[in-house]
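Down below is the structure, laid out as structure tokens.
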Amino acid sequence: DLFVTSKLWNTYHAREHVRAACERTLADLGLDYVDLYLIHFPIPLKFVPFDERYPPEWVHDPAAAAPRLEYAPITVRETWEAMEGLVDAGLARDIGV
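In this text, residue positions in the sequence shown follow my numbering: the first is 15, and each later residue adds one.
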């Protein structure tokens with residue numbers, strides 16, 4: 015048996031992006047669920063769509079003259095509640111930070 019752990023990248027912390035990010039991970043891994051899905055660390059960054067750049071990297075615009083992190087005003091609570099929805103949907107057995 016394998017115990018599979020994956021993580022939610024910082025650019026997908028908004029409620030509306032959490033499930034899509036998990037589903038993308040599951041598709042990439044060819045799995046129906048993960049045993050543990052983690053908030054990579056609780057510092058939300060500005061959203062980067064999958065079709066723009068995946069994985070999203072650390073800086074919002076790596077081609078900028080001065081690449082930098084761009085923070086997003088998302089609470090840990092919002093992200094956590096969306097993560098709980100992954101457990102309810104059977105996409106993750108457990109969640110954590």
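Note that the Cβ used here is the ideal one computed from N, Cα and C, for glycine as well. All values reported here derive from a predicted model rather than from experimental measurement.
Between which two residues does the beta strand (DSSP E) harbouring residue i extend?
i	result
residue 104	Counting along the chain, residue 104 falls outside any beta strand (DSSP E), and DSSP gives it neither H nor E.
residue 19	19-22
As a quick exercise: from the options, pick the residue whose alpha carbon is nearest that of residue i.
i	options	result
residue 109	59, 67 and 54	54
residue 73	23, 15, 17 and 16	23
residue 52	71, 27, 80 and 44	27
Rounded C-beta distance between residue i and residue j? I'm assuming under 8 Å.
i	j	result
residue 89	residue 32	Not confirmed; about 13 Å, so no contact.
residue 40	residue 59	22 Å between Cβ atoms; not a contact.
residue 56	residue 111	6 Å
residue 86	residue 29	Contact doesn't hold; Cβ gap of about 12 Å is too wide.
Whose C-beta lies closer than 6 Å to the C-beta of residue i among residues of the same chain, with five residues either side of it excluded?
i	result
residue 48	18, 20 and 106
Quick one: Cα of residue i to Cα of residue j, how far?
i	j	result
residue 101	residue 65	26 Å
residue 98	residue 16	22 Å
residue 62	residue 35	11 Å
residue 42	residue 69	11 Å
residue 44	residue 37	10 Å
Here's a check: name, in chain order, each residue in its chain whose Cβ is nearer than 7 Å to the Cβ of residue i, leaving out the five neighbours to either side.
i	result
residue 104	47
residue 25	59, 60, 61, 62 and 70
Alpha helix (DSSP H) containing residue i: first to last residue?
i	result
residue 43	29-43
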